[in-house]
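Each remark here refers to the structure printed beneath this line.
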């Protein structure tokens with residue numbers, strides 16, 4: 821089966837979606853994920869996107885645990 825359409829979404833991007841990630845400062849990586857950092861919408865790399873999601877998940881878990889502790893008391 822042909823895979824001719826793989827990556828067509830980034831072909832229209834400047835440099836095929838490659839650039840410098842503003843968060844980790846890596847060069848020539850695909851910067852495809854838009855996130856709000858310090859009030860600005862910037863495009864970040866896949867690794868930084870995953871890191872931000874993990875941080876948010878851990879914070880949500882801590883808030884949930886604190887709420888459960890307060891509720892039990």
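In the numbering used here, the protein residues as written are 821 to 893. C-beta atoms are modelled at their ideal positions from N, C-alpha and C, and glycine is treated no differently.
Residue nearest to residue i in terms of C-alpha spacing, selected from the options
i: residue 850; options: 862, 888 and 857; result: 862
i: residue 847; options: 835, 854 and 856; result: 835
i: residue 841; options: 832, 826 and 857; result: 857
i: residue 872; options: 888, 889, 883 and 853; result: 853
Extent of the continuous alpha helix (DSSP H) to which residue i belongs
i: residue 849; result: Note, residue 849: premise wrong, no alpha helix (DSSP H); beta strand (DSSP E) at 849–857.
i: residue 868; result: 866–892
i: residue 829; result: 828–831
Counted within 10 angstroms of its Cβ, other Cβ atoms place residue i as buried (16 or more) or exposed
i: residue 830; result: exposed
i: residue 868; result: buried
i: residue 844; result: exposed
i: residue 875; result: exposed
Strand pairing of residue i, partner residues [DSSP]
i: residue 764; result: Only positions 821 to 893 of the chain appear in the structure, and residue 764 is not among them; the question remains open.
i: residue 863; result: 854
Short CB-CB distance (under 9 Å) between residue i and chain B
i: residue 886; result: Absence of chain B from the displayed structure is noted, only one protein chain being present.
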